[in-house]
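To start, the structure under review is shown below, and the notes come after it.
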Amino acid sequence: MEAMFTVNNLWILVATCLVFIMHLGFASLEAGFVQRKNVVNILFKNSMIISIGLLTYFFIGYNLMYPGDDYAGGFIGAFGVMDWAAGAIPEVDGVVQYAAAAEGGATYTGYADFIFQAMFAATCATIVSGAVAERVKLVPFLIFATLFVAISYPITGMWHWGGGWLSEMGFYDFAGSTLVHAAGGFAALAAVILLGARRGKYRADGTVTAIPGHSMPLAAIGVFLLWFGWYGFNGGSVLSADANGVSLVFVTTSLAAAAGGVAAFFMGYILFKSYDLSMVLNGILGGLVGITAGADLMSGGEAILIGMIAGIIIPLSIVFFDKTLRLDDPVGATSVHGVCGIWGTLAVGIFGASAGMGQLVTQLIGTLSVGLFSFATSFALFSILKATMGIRVDEEEEIRGLDLGEHDMHAYSLTKEDGVFQLTDSGSTVVR
Amino acid sequence: MEAMFTVNNLWILVATCLVFIMHLGFASLEAGFVQRKNVVNILFKNSMIISIGLLTYFFIGYNLMYPGDDYAGGFIGAFGVMDWAAGAIPEVDGVVQYAAAAEGGATYTGYADFIFQAMFAATCATIVSGAVAERVKLVPFLIFATLFVAISYPITGMWHWGGGWLSEMGFYDFAGSTLVHAAGGFAALAAVILLGARRGKYRADGTVTAIPGHSMPLAAIGVFLLWFGWYGFNGGSVLSADANGVSLVFVTTSLAAAAGGVAAFFMGYILFKSYDLSMVLNGILGGLVGITAGADLMSGGEAILIGMIAGIIIPLSIVFFDKTLRLDDPVGATSVHGVCGIWGTLAVGIFGASAGMGQLVTQLIGTLSVGLFSFATSFALFSILKATMGIRVDEEEEIRGLDLGEHDMHAYSLTKEDGVFQLTDSGSTVVR
Amino acid sequence: MEAMFTVNNLWILVATCLVFIMHLGFASLEAGFVQRKNVVNILFKNSMIISIGLLTYFFIGYNLMYPGDDYAGGFIGAFGVMDWAAGAIPEVDGVVQYAAAAEGGATYTGYADFIFQAMFAATCATIVSGAVAERVKLVPFLIFATLFVAISYPITGMWHWGGGWLSEMGFYDFAGSTLVHAAGGFAALAAVILLGARRGKYRADGTVTAIPGHSMPLAAIGVFLLWFGWYGFNGGSVLSADANGVSLVFVTTSLAAAAGGVAAFFMGYILFKSYDLSMVLNGILGGLVGITAGADLMSGGEAILIGMIAGIIIPLSIVFFDKTLRLDDPVGATSVHGVCGIWGTLAVGIFGASAGMGQLVTQLIGTLSVGLFSFATSFALFSILKATMGIRVDEEEEIRGLDLGEHDMHAYSLTKEDGVFQLTDSGSTVVR
């Protein structure tokens, strides 16, 4: 009893570490995909998002998302600070009551539950930060992120994981293709629409300018770290260290990511006649987002199919948003998280143990409901911020870069060495 | 019995991995905060420190720090190589005697204990390496690091964790706000005083020149990896996988880090009227150092308060050392590890389960004793090295950079590509 | 029973995550050691190798390597897709039959076994990718990697770990000094011989040009991540969470890595009269490769000796291949993985619990057999590819860089900021 409880709890905590490092993954990926002049801004946003996310989840999000049985079938949870007393397994005469906890259905402590879920919450806002990069004003964005993580994410999260109406309806989203990724992706879409494209991206003559990221190594580091962290994101969502469950999830997660990468490689070549690293990296992420809703339900072959389809979707979706809709999303967050999030959610109705037309319809209702709610909340929040504080930096700042405009610093400072050549950024004082 | 022992032992080993990766965190952070011309030197130092640290802890540090019950209440431990025979749980007829081990109070093997503690030891010297960056001579520094890790850290560590006099006195330092961080921070302070400031830092007219780090992405990667590793640093210090204990430590550690980041954001804005990424990153670290002494004793609100205060201290302390005392510490190690280490130690007497005036006084005695001993040892070692080998590179080498001077190589080599532009570092042969 | 099974299985999965991150380690290390114009190519190759590796291991590699008892003592395994049904521990009436599994000798699920082994397989091809960097054509290399991971690696792997003829003979290779590292290193050697050196490396007058890597921070990040991942590589190879076994492996792995770094520091200084970061980094890797065959058999002192000797071998071997044999291996893979792989395998016959002349001869037979088979397969595959598609990019592409030639993109794009200075790569459109 004690040993099982301890190993289950330990896995949730190790998974928490892994989900935490996804925040470095996002920070690296987004930093790599933006221009050199906006890198500090991305790093600043992502450092703040994880910090704000953890604090707001403590003060409001956790109870809003997991309000307990009284709220079963409902639309909104409870308000209140995390109940610290309920975090630990009770002790009687210094002996921890594992048996009592297990009887109540717990496989890990309330503290572990809180911190694992808190790491998820912050992810959702991070997805948005990539899409709005290179032109959003810092403070309005942080206000948005705070409100989105504190209120919108826990409300839609409660619908399924908190025992709300989607849960009663039979909706299935194992680790959050919809609840985390589509929620984030649709919030990003609203933000991108209201913000407008980066200056120079869409020209008057109809041409679309590619604005390459400043560092592919950073982007690749980001994707590998995200993949690494996804083992905690999906594996921890088993909510125990159950040997069959977690092992299966590791296999399906790995195979879907791999299939996403390989499919995006071929699709990228077919579309662009080149071996496009960005596509492969986003294909891997698409495969990961795609398997997330049903990682515990699929066979190996199904996981590969889901990943492959995600990898095919990625380049098509990115081109569709970028060229057809002319929506400027520097990191492809709407495609990776929004579109593949929907795909993964629907895949639960098509493949695996739960497949069936009824399930497919439920999945569609669920993913669209969450997507629309996130979109609407995000649209409303950004509209208010736009009307009051403004959400976009001015033209001069966008040209000079947000690093100088918002932070008065450079991401890199290249200095003269040994008299050969001097490349000095203004603002930085070079000692010679 | 067997299962509990195995899961407890496993957590110590996983925590060991996490503490190991903090060495990459330090290496990245310090490399990011120095100038481009001194990056190889930082990476070299940090690669050597972890290597030297592990070996010396095997040969001398472990027994000096954990000498066993005979040394209870003492000031110095035993000399000798780690006792290999005592590392494993004994077997009888091929059956491992978990019951006997548990009876003896063990929750994990002696090997696991050694390697977990060895990872801590090397941390302490790494803290110094950031503070002395950009002007210290390599070989004298490595000699210092060897002696400091081999002798000074285990002596002060023994005072509390090894059952020495501070332990008997009731001093409390859960995971090392004092024993690791303040010890490292005060050693750094001694080194900075003896070394002097980087050339050009403090000008004759009284002005202070900011010398910006060369790569904010590296610095941010460093801080996220340190936060990641801190889950092992604090979580492993529970010394078992106890569900309540480790879960609580994860929550307090997370909240303190987050609060440190947010507080430093506001404080940085108040002081400098800009959104200063370095301050937020150091605020996160300050929060982590601050919670370390009492991570197992605090409630969520207390953890947030401790982190917040650390986040407020950081910019004030950095300005105080840099502008008022005119002590040049390129990465802010004295503030992050020294000052916040003291703060975290004192916080145990102010907040949480052990709060009280008596405890506060004990905490003050403990942190000052360790700080002063570390300062004195470090001052003595560096003074001897200064008088014999010299501890500072000559002026020409400092200007050219330590990468060329000490290592004859560049951290980066930018080469002409496709005829557009050529930026070649001297020394590197570019093939065209 | 349930708890032991769960904790054993959990460790295999956590170790899987750690081995996964080694792929980021290899990607970073290799990217750091190549020139700036070939970085995207390296990242692309390594992203594809992990993806291809996982998929082929699912479809063919796993059964080829672990064909079951019927193939005991054999030379080649079975063909077929991983048997999904055998992945999970069977349930009877919803109760998982841990007891039955344990009776059958299992300490973890078949899924966990598959995914842990799959991560190993991809490693082997990654070792080659560094050695062929900066001049190999992308598609032929990916074809090679696919066939090598799908067929050659599982065949030689089966000889020992799959119960084949080397296993019957008493050959010992705990975690793969031979089966993974020497296999990869000798495949790399064949590739290097057939490919030829990079243009400008060996001049007509006999001089050898050093071509420095473009980013030492990336290289150092790579080595630290590899060391981090090695705890899973070696620790997971215990194939359970056995407290004595895994703890011992952590200690020997750590001490050997540290000793490798320190020995390479001294040896590098003796040979080159400078403090060579590349040598220290490769010395650490050499120590890790060296301890891998016998990480569970050695004492601390023996681990240090094995690591030290590996650290001494590294600079000698690199110079021997580079200067004497004039074989151009940009990252030193043949020395680190090939030569130290042999050394580690032989060390099992010299040091530790299994030492003895008989064992040494067996070790020699085993390592040479695997090395030669890998070399031969790799030589044959590359020869066929050379005769049909060609394996080397043309001269113009090599000069311009593979990033532009194969991928039409740059790894970095430096743009004008604030009017100070403009460094723009051709091909990238800079928005102003």
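Residue numbers (UniProt numbering), protein chains in the order written: chain R, 1 to 432; chain V, 1 to 432; chain H, 1 to 432.
Virtual Cβ for every residue (Gly too), placed ideally from N, Cα, C.
| Item | Value |
| --- | --- |
| Inter-stretch contact at 8 Å, needing at least 3 Cβ pairs: the region 217–236 of chain V / the region 22–40 of chain V | yes |
| Backbone secondary structure at R/S215 - three-state DSSP | strand |
| Residue-chain proximity (R/A411, chain V), Cβ-Cβ < 9 Å | yes |
| Cα-Cα separation, R/V262 to V/G245 | 43 Å |
| Where V/V14 meets chain R, residues with beta-carbon distance less than 7 Å | V14 |
| CA-to-CA distance, V/L360 to V/Y71, given in whole angstroms | 26 Å |
| Nearest to H/I42 (by Cα), restricted to the options H/K137, H/W11 and H/V92 | H/K137 |
| Whole-angstrom distance between V/S374 and H/L55, CA atom to CA atom | 54 Å |
| H/P330 at chain V interface by Cβ criterion, 9 Å | no |
| Coil, strand or helix - H/Y172 by DSSP | coil |
| Neighbour flag for V/A347 against chain R, beta carbons, 9 Å | no |
| Local Cβ density within 10 Å of H/P90, reported as buried at 16 or more and exposed below that | exposed |
| V/V420 to H/K37 span [Cα, whole Å] | At V/V420 the pLDDT is 31, less than 50, meaning the model places this residue with poor confidence and gives no usable figure here. |
| Separation of V/L402 from H/G268, as counted between CA atoms | 18 Å |
| Check whether R/P217 and H/A411 have beta carbons under 9 Å apart | yes |
| Alpha helix (DSSP H) runs contained entirely in the region 57–120 of chain H, provided each spans 4 or more residues | 62–65 and 98–103 |
| Contact check, V/Y108 vs V/L239, beta carbons under 9 Å | yes |
| Contact set between V/Y275 and chain R, taken where Cβ atoms lie within less than 7 Å | F44, L138, E406 and H407 |
| Chain H within 9 Å of R/V7, Cβ atoms only | yes |
| Beta strand (DSSP E) segments (min. 3 residues) lying fully within the region 291–369 of chain H | none |
| Integer-rounded CB distance, given that R/A145 should sit under 8 Å from V/G248 | The sequence as given places Leu at residue 248 of chain V; Gly does not occur at that position. About 27 Å; that fails the 8 Å criterion. |
| Residue(s) in a DSSP beta bridge with H/R392 | H/V136 |
| Contact between the region 352–370 of chain R and the region 155–175 of chain R (3+ Cβ pairs under 8 Å) | yes |
| Among V/A118, V/F250 and V/D276, nearest to V/P212 - alpha-carbon criterion | V/D276 |
| V/H181 at chain H interface by Cβ criterion, 9 Å | no |
| Residue of H/R199, H/A175 and H/S299 minimising C-alpha distance to H/T252 | H/S299 |
| V/G294 and V/A310 closer than 9 Å at C-beta | no |
| Proximity winner among V/G356, V/G196 and V/M409, relative to V/I391 (alpha-carbon distances) | V/G196 |
| Same chain only: Cβ atoms within 7 Å of V/N63, ignoring 5 sequence neighbours per side | G77, A78, F79, G80 and M82 |
| Three-state secondary structure (DSSP) of H/V34 | coil |
| Pair within 9 Å by beta-carbon distance, R/G164 and R/G341 | no |
| Runs of beta strand (DSSP E) wholly within the region 161–208 of chain R (minimum 3 residues, chain order) | none |
| R/P315: contacting residues in chain H (beta-carbon distance under 9 Å) | Within 9 Å Cβ-Cβ: nothing; R/P315 doesn't reach chain H, min ~15 Å. |
| Chain R within 9 Å of H/V40, Cβ atoms only | yes |
| Residue interval of the alpha helix (DSSP H) (run including V/S270) | The residue you asked about is not Ser; residue 270 of chain V is Ile in the sequence shown. Segment A243 to F272, the alpha helix (DSSP H) holding V/I270. |
| Segment limits, alpha helix (DSSP H) that includes V/L402 | L402 to H407 |
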